[in-house]
Every structure is written in structure tokens, then in C-alpha cells.
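Enquirer: In UniProt numbering, the protein residues as written are 1 to 125. For each residue, glycine too, the CB sits at the ideal point set by N, CA and C. Let me give you the structure first, and then I'll get to my questions.
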Amino acid sequence: MGCMRYVSEGLETRLIVTHGLSPSQNEIDELRTEMDEMRDTFFEEDACQLQEMRHELERANKNCRILQYRLRKAERKRLRYAQTGEIDGELLRSLEQDLKVCSCGGKGEARARWGQRVETLARAI
Numbered sequence: 001m002g003c004m005r006y007v008s009e010g011l012e013t014r015l016i017v018t019h020g021l022s023p024s025q026n027e028i029d030e031l032r033t034e035m036d037e038m039r040d041t042f043f044e045e046d047a048c049q050l051q052e053m054r055h056e057l058e059r060a061n062k063n064c065r066i067l068q069y070r071l072r073k074a075e076r077k078r079l080r081y082a083q084t085g086e087i088d089g090e091l092l093r094s095l096e097q098d099l100k101v102c103s104c105g106g107k108g109e110a111r112a113r114w115g116q117r118v119e120t121l122a123r124a125i
């Protein structure tokens, strides 16, 4: 509240300097009301931005968990392929699907890595 007192005292001083008169209580009250409204608007906008950012973070976390699950699944299938030497058609399809997911919202590096894996498996077939 100290900051608001300083601001309101500054406004009172500005009124005195501007008008050369002592401001009326009505003018001071109007300015304080205006300051309160501006502060409330600022806090409301801040709260909305914070809520939007939290939702974006939740979506990003969910997508990350999904991609981690798919990566672990693909790694298990890759290990199975390395042990048996057989190409799994389902593995190829799932890697292609993951590549599509990465190309829609992933970074170029992840997209290239998945593309290389799919190409390697396709050549092995």
C-alpha cells in the first residue's frame, strides 16, 4: 500500500502544481478510483495470461509424455528387431505415425531423427 500512497501523493502534488490550487477531495477520490480500476484491470489481464500459460504448459507436458511413451515403445521394438533380425511391419507403421506427429509439431531435429529411422527400416525390408 506504500507504493499506492506514493503514487496518490504524487497525483495530489501534480494537481497542486498544475492548478495552483489544493485539489478537492472529489478530484483526489476520482483519481484514486481510476488508479484502483487500472490496477484491477492489470491484475485481471495478468491472471488471464497466467491461466493461458498454465494450459499451454499442461498441453506441452501431455504431448511430451505421449512422445516419451512412443519412444520407449519403439526402442523396445527396435531391441526385439535387433535380437530376432525380423522386420516388424507394425514397428514400421508406428515409426511412420510418430514421424507424422513429429512433423506436425516437433522440432526439425526430432523429425530428421525419426525420418532416418523409418528410412533405415524401409531399406532393411
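(1) Report buried or exposed for D98, applying the criterion of at least 16 other Cβ atoms within 10 angstroms of its Cβ.
(2) For L50, count the other beta carbons within 10 Å of its own beta carbon; 16 or more makes it buried, fewer makes it exposed. Which is it?
(3) Rounded to whole angstroms, what is the Cα-Cα separation between E96 and R54?
(4) Could you give the distance in angstroms between the alpha-carbon of residue 159 and the alpha-carbon of E45?
(5) By the three-class DSSP mapping on this structure, what secondary structure does G89 have?
(6) What's the C-alpha gap between C64 and L79?
(7) On the three-state DSSP scale, how would you describe S94?
Expert: Walking through what the data contain:
(1) The Cβ neighbour count for D98, taken over all protein chains shown within 10 Å, is at least 16; the residue is labelled buried.
(2) It counts as exposed.
(3) If I take the Cα positions, the gap works out to 31 Å.
(4) One cannot answer for residue 159 here, as it falls past the ends of the chain, which runs 1 to 125.
(5) In the structure shown, G89 sits in a helix (DSSP, three-state: H, G or I).
(6) When rounded, the separation of the alpha-carbon atoms in C64 and L79 is 22 Å.
(7) Note: S94 maps to helix in three-state DSSP.
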